[in-house]
Amino acid sequence: MLCDFLIFSDLVVILADLLLILQFDKDNIITFHIAMYRTKTCGELRLANAGEQVTLAGWVQRTRKMGGMTFVDLRDRYGITQIVFNNEVDAALCDNANKLGREFVVQVTGTVAERSSKNANLPTGDVEIIATAMNVLSESATPPFTIEDNTDGGDDLRMKYRYLDLRRNCVRKNLELRHRMTILIRNFLDSRDFIEVETPILIGSTPEGARDFVVPSRMNPGQFYALPQSPQTLKQLLMVAGFDRYFQIAKCFRDEDLRADRQPEFTQIDCEMSYVHQDDVLEIFEDMARHLFKEVRGVELPAKLQQMTWHDAMRLYGSDKPDLRFGMQFVELMDVMKKGKFGVFDDAAYIGGICVPGCADYSRKQLDELTNFVKRPQVGAKGLVYVKYNADGTIKSSVDKFYDEADLLELKKAMGASDGDLVLILSGDNANKTRIQLCSLRLEMGERLGLRDKDKFECLWIVDFPLFEWSDEEQRLMATHHPFTMPNPDDIPLLDEHPERVRAMAYDFVCNGIEVGGGSLRIHDGKLQEKMFEILGFTPERAMAQFGFLINAFKYGAPPHAGLAFGLDRFVSIMAGLDSIRDCIAFPKNNSGRDVMLDAPSEIAQEQLDELYLNVDEQRVNLLKNK
Ligand code: ASP
356 MLCDFLIFSD LVVILADLLL ILQFDKDNII TFHIAMYRTK TCGELRLANA
406 GEQVTLAGWV QRTRKMGGMT FVDLRDRYGI TQIVFNNEVD AALCDNANKL
456 GREFVVQVTG TVAERSSKNA NLPTGDVEII ATAMNVLSES ATPPFTIEDN
506 TDGGDDLRMK YRYLDLRRNC VRKNLELRHR MTILIRNFLD SRDFIEVETP
556 ILIGSTPEGA RDFVVPSRMN PGQFYALPQS PQTLKQLLMV AGFDRYFQIA
606 KCFRDEDLRA DRQPEFTQID CEMSYVHQDD VLEIFEDMAR HLFKEVRGVE
656 LPAKLQQMTW HDAMRLYGSD KPDLRFGMQF VELMDVMKKG KFGVFDDAAY
706 IGGICVPGCA DYSRKQLDEL TNFVKRPQVG AKGLVYVKYN ADGTIKSSVD
756 KFYDEADLLE LKKAMGASDG DLVLILSGDN ANKTRIQLCS LRLEMGERLG
806 LRDKDKFECL WIVDFPLFEW SDEEQRLMAT HHPFTMPNPD DIPLLDEHPE
856 RVRAMAYDFV CNGIEVGGGS LRIHDGKLQE KMFEILGFTP ERAMAQFGFL
906 INAFKYGAPP HAGLAFGLDR FVSIMAGLDS IRDCIAFPKN NSGRDVMLDA
956 PSEIAQEQLD ELYLNVDEQR VNLLKNK
């Protein structure tokens with residue numbers, strides 16, 4: 356067998372060599388068609404290959420003419436290789452090379468030679484190909500921007516010509532990383548007995564949480580499918596079905612008002628498990644994260660990740676996704692600053708400060724900038740109080756008029772400040788809002804001081820979320836995560852009287868101030884699930900109409916189950932140190948949710964509308980357009 360194989364593979368090599376030789380036998384069209392397009396990629400040739408005859412294929416990155424020589428940088432997915440055409444050796448060939456435009460697709464055959472002036476920035480920079488033949492496979496119009504890492508194309512232009520943008524090394528490598536991560540994830544989960552199951556994209560609408568994208572059904576006039584916001588209920592049904600451990604790299608769709616760095620469609624690593632406690636879930640997915648960080652970035656996460664309660668996260672960082680790459684924890688200053696001396700503080704429902712190390716020398720201008728920062732509508736504070744504990748022991752503050760030195764020394768102690776530090780204080784009549792403002796200020800200071808280093812990773816779990824949160828907009832309690840989240844068993848007695856005090860068996864995976872994943876233990880008891888719907892304001896009829904399939908399924912032996920979902924786009928962008936998730940999505944939407952390349956969404960023909968029994972309310976549409 357082995358012997359047969361050797362003979363066969365030898366034959367293949369001989370045949371390939373033969374075809375290569377025949378390949379540029381000019382008039383012989385047949386040999387040209389059956390020849391290999393390329394024998395090497397543009398990224399693999401090194402000095403050790405010198406003397407070899409090779410054929411490469413790729414895009415013309417750039418051409419340079421120097422005397423009788425023409426140099427072409429040929430690019431493919433793997434790299435760039437320099438090709439040399441020598442007028443003295445083959446004038447016609449060199450002439451053809453001079454006619455090449457940017458992004459022409461060409462096939463070049465030649466001999467690998469050592470370069471006299473080497474390019475240390477390129478892995479192939481020690482060699483060049485002395486061309487002996489060239490074949491233009493495809494011409495190109497002048498590209499609208501340069502296909503280089505430092506391109507001259509703006510965001511919109513690059514989105515419109517995304518297929519050209521994707522040719523750029525810096526964009527393509529993000530998608531390669533994404534691919535690598537999904538392979539690692541699949542293999543990891545497979546090794547832990549998870550089964551990948553595809554769930555449908557056309558499902559029913561469950562307008563709880565974000566808005567659904569809906570799809571009209573031609574076969575069922577007047578009825579609509581919805582695209583899944585997540586496969587949440589379906590994966591729970593898979594647990595009832597006995598799958599025990601499920602995962603899916605799942606496309607999810609949410610018709611939300613677009614905030615920065617959100618996409619209407621995104622990808623989740625969606626998982627569910629039966630017969631597990633919260634700690635079991637955290638352990639498995641911590642292992643998965645540890646595996647990814649190790650394999651992709653060579654970073655060792657700690658043996659056990661910190662678990663912080665939601666309450667502590669809000670108290671110390673004003674956020675349920677704290678960035679732990681730096682300190683500056685909040686210190687509550689109600690006792691210290693309420694002294695009947697300064698009305699703003701005396702009336703406040705919350706006063707909190709952060710200590711910024713080594714910034715007592717901040718100038719007037721820098722402090723004004725910070726004041727303007729907190730007053731921006733996006734932050735919304737009324738003003739900023741600062742106290743500089745100068746390196747020489749003197750104190751200078753914006754409240755010198757109201758507080759004496761002893762007061763400010765007491766503050767220094769409370770803040771744990773040292774000489775040289777700057778204390779920044781915010782106050783307000785709504786504790787939560789003020790904490791969120793202070794969170795923005797803390798992150799801004801982290802940014803200014805370069806503490807949000809993209810090569811540093813601080814991951815933690817946030818646990819003990821409140822089960823419900825109050826919605827000002829809807830004037831009712833809403834599920835913090837979703838209506839299937841299990842209440843903490845200790846808090847179930849509070850469900851009727853004090854639902855707002857009930858903690859959820861829910862957890863978020865946070866990295867560098869970004870919520871990368873989240874999930875919960877689920878309710879598997881039909882009665883408790885009905886109770887949840889009741890608290891969330893569903894009538895039994897509405898609950899049945901929307902979630903009857905789940906309530907019914909729970910009647911047939913639902914195992915205790917739990918799960919979570921990681922945002923793949925976010926995970927990849929953190930690993931790659933990207934500013935936006937768009938950069939790791941092949942064909943993303945812009946900030947208004949449009950695909951500018953496909954020009955979608957777009958109007959559809961009247962016949963299509965008729966077929967779907969739909970009418971567009973032109974009057975309302977025009978009203979909105981003219982607004
Ligand atoms: N389905 C949830 C979400 O999309 C995650 C989970 O609870 O598993 O946020």
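In terms of my numbering, the sequence shown has 888 at position 533, counting the first letter as 1, and numbering is strictly consecutive. For each residue, glycine too, the CB sits at the ideal point set by N, CA and C. From a predicted model like this one, the values you see are computed outputs, not experimental measurements.
Rounded separation between residue i and residue j - CA only
i	j	result
Leu876	Tyr433	45 Å
Leu822	Gly874	12 Å
Leu764	Lys696	16 Å
Glu407	Leu530	32 Å
Gly423	Val461	21 Å
Phe440	Leu512	34 Å
Met770	Ser752	15 Å
Ala917	Val742	48 Å
Arg470	Val463	18 Å
Glu553	Thr840	23 Å
Lys606	Asp625	10 Å
Asp924	Tyr862	19 Å
Asn476	Ala468	18 Å
Ile376	Leu411	Any reading at Ile376 must be qualified, since the residue scores a pLDDT of 45, below 50, and its modelled position is unreliable; no value is offered.
Gly735	Asp784	12 Å
Gln591	Arg457	53 Å
Met899	Glu889	11 Å
Lys454	Gly948	41 Å
For residue i, the three-state DSSP class (helix, strand or coil)
i	result
Met536	helix
Ser495	coil
Gly903	helix
Val654	coil
Cys814	strand
Ser782	strand
Pro895	helix
Met489	strand
Glu687	strand
Glu870	strand
Thr749	coil
Leu964	helix
Ser826	strand
Gly881	helix
Ala761	helix
Cys710	strand
Leu512	helix
Leu953	coil
Tyr392	coil
Extent of the continuous beta strand (DSSP E) to which residue i belongs
i	result
Lys694	Lys694 -> no beta strand (DSSP E), and no H or E assigned at all.
Glu620	Glu620 to Ser629
Pro571	Val569 to Pro571
Tyr862	Ala861 to Cys866
Val409	Gln408 to Met421
Asp431	Met424 to Asp431
Val740	Val740 to Tyr744
Gln733	Here Gln733 belongs to no beta strand (DSSP E), and DSSP marks it neither H nor E.
Cys607	Arg600 to Phe608
Leu832	Arg831 to Ala834
N-terminal and C-terminal residue of the alpha helix (DSSP H) that residue i is part of
i	result
Asn297	With the chain running from 356 to 982 in the structure shown, residue 297 is simply not present.
Ser928	Leu923 to Ala931
Val636	Gln633 to Leu647
Tyr672	Trp665 to Tyr672
Phe728	Arg719 to Lys730
Tyr518	Arg517 to Asp520
Arg1016	The question about residue 1016 has no answer here: the residues shown for the chain are numbered 356 through 982.
Check: residue i C-beta below 7 Å from any heavy atom of ligand 3
i	result
Gln587	Among the ligands modelled here, namely ligand 1, ligand 3 does not occur.
Cutoff 8 Å: residue i Cβ touching any chain B Cβ
i	result
Gly708	Absence of chain B from the displayed structure is noted, only one protein chain being present.
Would you check if the stretch 813–820 and the stretch 651–661 touch, i.e. whether three or more CB-CB distances between them fall below 8 Å? yes
Report the residue ranges of all beta strand (DSSP E) runs contained in full by the stretch 442–477; include only those spanning at least 3 residues, in chain order. 460–469
Given 8 Å as the limit, is there contact between the stretch 419–431 and the stretch 394–402, that is, 3 or more CB pairs closer than that? yes
Could you tell me whether the stretch 926–945 touches the stretch 604–619, where touching means 3 or more Cβ pairs closer than 8 Å? In short, these stretches touch, since the Cβ pair count reaches three.
Three CB pairs or more closer than 8 Å across the stretch 502–522 and the stretch 944–961: Three or more beta-carbon pairs drawn from the stretch 502–522 and the stretch 944–961 are found closer than 8 Å, and the two stretches are therefore classed as touching.
Any chance the stretch 549–567 sits against the stretch 577–587, with 3 or more Cβ pairs inside 8 Å? yes
On the three-pair Cβ rule with 8 Å, is the stretch 744–751 touching the stretch 712–728? yes
Inter-stretch contact (C-beta, 8 Å, three-pair minimum) for the stretch 672–687 and the stretch 697–707: yes
Taking three-plus beta-carbon pairs below 8 Å as touching, is the stretch 771–782 in contact with the stretch 790–810? yes
At which residue ranges does the stretch 542–592 contain complete beta strand (DSSP E) runs of 3 or more residues, listed in the order of the chain? Runs of the beta strand (DSSP E) inside the stretch 542–592: 569–571 and 579–581.
Is the stretch 623–639 close to the stretch 539–552, with three or more CB pairs under 8 Å? yes
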